[in-house]
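**Student:** Below is the structure I would like to discuss, written out as structure tokens.
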Amino acid sequence: MDLAVRAKELSLQLVQADSVVGSPGEAEIAKLIEKRLRNLPYFKKHPDHLFLQETSNDDRLRYNVIALALGEKAKSEDTLLILGHLDTVGIDDYQNLKEFAFDSPALKEKLKGLNFSEEIKKDVEDPNWLFGRGLLDMKAGLAAQILALEDIVANISEFSGNLVFLAECDEEDNSRGILSALPFIEELTKKHRLKLTGSINADYTAPRYTGDDSRYLYYGTVGKQLPAFYIVGKETHVGDPFAGLDPNFVASFLIKELNYNPEYCDIAADEVSTPPISLKLQDFKTFYTVQTNLSTQVYFNFAVHALNAEEIIALMKKAAEKAAREAEEVIQERFDRYCQLNRISKRKLDWQIRILSYQDIVNQAIKAKGPEFKKELEQKAEDLLKENLDLREYNLAMVQFVWKQLPDQSPAIVLYFGSMYYPAIALDREIPSHHKLIRAAEKAVDDLKVEEKYKMQKRFFFPYIADSSFLSLNDDEDSLKAYVENYPAHLKYQRTDFDLINRLSMPVINIGAYGKEAHQFLERLDAAYSFGVVPPLIQQTIKNFFEN
Numbered sequence: 008m009d010l011a012v013r014a015k016e017l018s019l020q021l022v023q024a025d026s027v028v029g030s031p032g033e034a035e036i037a038k039l040i041e042k043r044l045r046n047l048p049y050f051k052k053h054p055d056h057l058f059l060q061e062t063s064n065d066d067r068l069r070y071n072v073i074a075l076a077l078g079e080k081a082k083s084e085d086t087l088l089i090l091g092h093l094d095t096v097g098i099d100d101y102q103n104l105k106e107f108a109f110d111s112p113a114l115k116e117k118l119k120g121l122n123f124s125e126e127i128k129k130d131v132e133d134p135n136w137l138f139g140r141g142l143l144d145m146k147a148g149l150a151a152q153i154l155a156l157e158d159i160v161a162n163i164s165e166f167s168g169n170l171v172f173l174a175e176c177d178e179e180d181n182s183r184g185i186l187s188a189l190p191f192i193e194e195l196t197k198k199h200r201l202k203l204t205g206s207i208n209a210d211y212t213a214p215r216y217t218g219d220d221s222r223y224l225y226y227g228t229v230g231k232q233l234p235a236f237y238i239v240g241k242e243t244h245v246g247d248p249f250a251g252l253d254p255n256f257v258a259s260f261l262i263k264e265l266n267y268n269p270e271y272c273d274i275a276a277d278e279v280s281t282p283p284i285s286l287k288l289q290d291f292k293t294f295y296t297v298q299t300n301l302s303t304q305v306y307f308n309f310a311v312h313a314l315n316a317e318e319i320i321a322l323m324k325k326a327a328e329k330a331a332r333e334a335e336e337v338i339q340e341r342f343d344r345y346c347q348l349n350r351i352s353k354r355k356l357d358w359q360i361r362i363l364s365y366q367d368i369v370n371q372a373i374k375a376k377g378p379e380f381k382k383e384l385e386q387k388a389e390d391l392l393k394e395n396l397d398l399r400e401y402n403l404a405m406v407q408f409v410w411k412q413l414p415d416q417s418p419a420i421v422l423y424f425g426s427m428y429y430p431a432i433a434l435d436r437e438i439p440s441h442h443k444l445i446r447a448a449e450k451a452v453d454d455l456k457v458e459e460k461y462k463m464q465k466r467f468f469f470p471y472i473a474d475s476s477f478l479s480l481n482d483d484e485d486s487l488k489a490y491v492e493n494y495p496a497h498l499k500y501q502r503t504d505f506d507l508i509n510r511l512s513m514p515v516i517n518i519g520a521y522g523k524e525a526h527q528f529l530e531r532l533d534a535a536y537s538f539g540v541v542p543p544l545i546q547q548t549i550k551n552f553f554e555n
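Printed below as a string of structure tokens:
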């Protein structure tokens, strides 16, 4: 059967398997993939080369699928990792079309009756565009990786290299899949005396801007931090508003400073990251009163190209300082005007919002309560594990606990990292192992004459967060120390093994399906490119990699 036909068939089968992150289906699709591979002659002959690996330190049962293919044409330690994630985001955005979210043909028929823009109408009517949750992100890419593995093991006697295949879970949430898989893969490669010298991810690609018709190869991936701000004000009765400091008001200045602001873009290799954008804003009043709010939290997505944790902390403190001073000035101006209108004497409100880091308040708590507070903090970190909190909620709870120990409860903005760190990766052609992988991909584009039909662009930073971030690390010890000290969950909840990442360190490229509007109900896939180009391009890149 033609490779493109097989890719389409398998992709639609994978879409039909509801594997929303955190749902029972996330475990079931791993079993489905493992069963499919288990029926291949190679894995019948080598059953110990295929694994259904349960995730570690997880609050639910789910699995990775890991497979090893050892080439028989020539013995080599060189090994390529090919990976993709098997989970998807949820389907609430489909609203009354939820029941069709995983049925691509039926969904498309339903969409034909709805009112859309001309561009979307055109795609809905075009048989080349296929719709469905997870088809773009990233079951078409995962299907391409599965088929690459299947085709290689079908001709293993003609294969000179070694392949590790990984279908990982939990990519859309806390990356427990990849973080559980890496130590397993390290032991697997040690056992067989292999060396991981490159990796190919197949996460989705999309237009970078309106009117962009290019297709993309990425030689690396964007990183991510989640700077979070716990803002403490001073409560007051609404009848005396200027006697207090509303933390929601302060948060609005922080959002104004950071949101959509290109001044906070991270620029490296002549590529510009997306600007920060807020992901959550909340206060902590649980019922109505006429007392103003005491504290607020806001956190932001911060895309990373080159900045390290120390630099991001300094940058975010500077943003918080600017927001705090502006908020103070505006409150004073409005109070002065209020006094003028009421013909009463003006006075200086004298709010002085302090800018602190999580490590700052931990040190203050230790100073106030003594060294024994360290044990108290560890116990709190342990106790919070029993509450089944989301990672972001857990970090917030730790910050709130430490804050309550401080003698000085005056207004402050406390900066911390609200989620795990995803390192950025950018390949360097001057490094031989990097050059080898880049050359394999670029030669594959030439071999298959892809550019006769598509405009191909090569960029360094895959722009969407991906688990391939955990395949290499460029941060120094001081930077990692700054991150760990300001990431409360590192104590007990979630700890990334950076030493392991350094040991495995390998170059990574991304060759992915192409489409539009991932994570939205109009998520759709360009079938001609995603099935006709991506699967052979991945396989040709693998072939070239081991022939170099």
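Take the position in the sequence shown, starting the count at 1, then add 7; the result is the number in this note's numbering. Glycine is no exception: its CB is placed at the ideal position from the N, C-alpha and C atoms. This one's a predicted model, so the numbers in the text were calculated from it and none came from an experiment.
I believe Phe424 touches Pro234 by the beta-carbon criterion, under 8 angstroms. Please report the beta-carbon distance rounded to the nearest angstrom.
**Tutor:** So it is a contact: roughly 7 angstroms between Cβ atoms.
**Student:** Got a sec: is the Cβ-Cβ distance from Lys128 to anything in chain C below 8 angstroms?
**Tutor:** The structure shown contains no chain C; it holds only a single protein chain.
**Student:** Residues in its own chain within less than 8 angstroms of Glu179 by CB, not counting five upstream and five downstream?
**Tutor:** Closer than 8 angstroms at Cβ, skipping near neighbours: Val28, His92, Asp94, Thr95 and Val96.
**Student:** Who does His312 pair with in a DSSP beta bridge?
**Tutor:** Partner(s): none; His312 has no beta bridge.
**Student:** Measure the beta-carbon distance from Ser280 to Ala310 and round it to whole angstroms, keeping in mind my assumption that it falls under 8 angstroms.
**Tutor:** Right, the Cβ-Cβ distance comes to about 4 angstroms (below 8 angstroms), so this counts as a contact.
**Student:** Is the separation between the beta-carbon of Thr62 and that of Ser187 shorter than 8 angstroms?
**Tutor:** It is a contact, given that the beta carbons lie within the stated cut-off.
**Student:** Considering only the alpha carbon of each residue, which of Asn370, Trp410, Val245 and Leu356 lies closest to Thr296?
**Tutor:** If we check each option's Cα against that of Thr296, Val245 comes out closest.
**Student:** Kindly list the residues whose CB is nearer than 7 angstroms to the CB of Asp435, restricted to its own chain and excluding five residues on each side of it in sequence; keep chain order.
**Tutor:** Result list for Asp435: His441, in chain order.
**Student:** Determine the direct distance from the alpha carbon of Ile238 to that of Gly168, and round the result to whole angstroms.
**Tutor:** About 54 angstroms.
**Student:** Do you know how far the Cα of Val229 is from the Cα of Thr217?
**Tutor:** Rounded to whole angstroms, Thr217 to Val229 spans 21 angstroms at the Cα level.
**Student:** Count the CB pairs spanning the segment 416 to 423 and the segment 361 to 374 that are closer than 8 angstroms, and state whether there are at least three.
**Tutor:** Cβ pair count under 8 angstroms is three or more, so yes.
**Student:** If Ile163 and Ile89 are in contact, beta carbons under 8 angstroms, what's the gap, nearest whole angstrom?
**Tutor:** No, Ile163 and Ile89 are not in contact; Cβ-Cβ is about 15 angstroms, not under 8 angstroms.
**Student:** Distance, Cα to Cα, Gln386 vs Gln501?
**Tutor:** Approximately 15 angstroms between the Cα atoms of the pair.
**Student:** I'd like the span of the beta strand (DSSP E) that includes Lys465, first residue to last.
**Tutor:** Met463 to Arg466 is the extent of the beta strand (DSSP E) around Lys465.
**Student:** Threshold first: 3 residues or longer. Then list the beta strand (DSSP E) segments lying entirely within the segment 278 to 311, N to C.
**Tutor:** If we require 3 residues or more, the beta strand (DSSP E) runs fully inside the segment 278 to 311 come out as 284 to 290 and 302 to 311.
**Student:** Leaving aside the five residues before and after Asn135 along the sequence, list all residues of the same chain whose C-beta is less than 6 angstroms from its C-beta, in chain order.
**Tutor:** Hits under 6 angstroms: Ala534 and Ala535.
**Student:** Just to confirm, is the Cβ distance from Leu413 to Gln371 under 8 angstroms?
**Tutor:** Contact: yes.
**Student:** Give me the Cβ distance between Ile518 and Ala209, rounded to the nearest whole Å; I'm assuming they're in contact under 8 angstroms.
**Tutor:** With a Cβ gap of about 6 angstroms, Ile518 and Ala209 count as contacting.
**Student:** Would you be able to state if there are at least three C-beta pairs under 8 angstroms between the segment 504 to 520 and the segment 437 to 452?
**Tutor:** These segments touch.
**Student:** From Pro48 to Gly78, what does the alpha carbon distance come to, in whole angstroms?
**Tutor:** Their backbone Cα atoms lie some 15 angstroms apart in a straight line.
**Student:** Can you check the segment 348 to 425 for any alpha helix (DSSP H) of at least 4 residues that lies completely inside it and give the ranges in chain order?
**Tutor:** Segments of the alpha helix (DSSP H) lying fully in the segment 348 to 425: 365 to 376, 380 to 392 and 398 to 411.
**Student:** Expressed to the nearest angstrom, what Euclidean distance is found between the alpha-carbon atoms of Ile274 and Phe469?
**Tutor:** Computed Cα separation, rounded: 14 angstroms.
**Student:** Suppose only complete runs of 4+ residues qualify. What are the alpha helix (DSSP H) ranges in the segment 431 to 491, listed by chain order?
**Tutor:** The segment 431 to 491 contains these whole alpha helix (DSSP H) runs: 439 to 454.
**Student:** Check Ile238 in the structure and name its three-state DSSP category.
**Tutor:** DSSP places Ile238 in strand when its eight states are reduced to three.
**Student:** Could you tell me whether the Cβ atoms of Lys523 and Arg531 are closer together than 8 angstroms?
**Tutor:** Cβ atoms of Lys523 and Arg531: closer than 8 angstroms.
**Student:** For Tyr225, which three-state DSSP category applies?
**Tutor:** Reduced to three states, the DSSP call for Tyr225 is strand.
**Student:** Going by C-alpha to C-alpha distance, which of Phe191, Pro112, Gln23 and Asn122 sits closest to Asp504?
**Tutor:** Here the closest residue by C-alpha is Phe191.
**Student:** Using C-beta distances below 7 angstroms, list every residue in its chain close to Ala34, excluding the 5 sequence neighbours before and after it, in chain order.
**Tutor:** Answer for Ala34: Leu68, Arg69 and Tyr70, listed in chain order.
**Student:** Assuming the contact rule is C-beta atoms closer than 8 angstroms, Met463 and Leu143 should be a hit. Round their C-beta distance to whole Å, please.
**Tutor:** Not confirmed; about 19 angstroms, so no contact.
**Student:** Could you give the first and the last residue of the continuous alpha helix (DSSP H) run that contains Gly148?
**Tutor:** Counting along the chain, the alpha helix (DSSP H) containing Gly148 begins and ends at Ala147 to Ala161.
**Student:** Candidates Lys38, Thr86, Asp133 and Phe538: which alpha carbon is nearest Leu19's?
**Tutor:** The shortest C-alpha separation from Leu19 is found at Phe538.
**Student:** Take the Cβ of Phe123 as the centre, count every other Cβ of all protein chains shown within 10 Å, and call the residue buried at 16 or more, exposed below.
**Tutor:** Exposed, by the Cβ-count rule.
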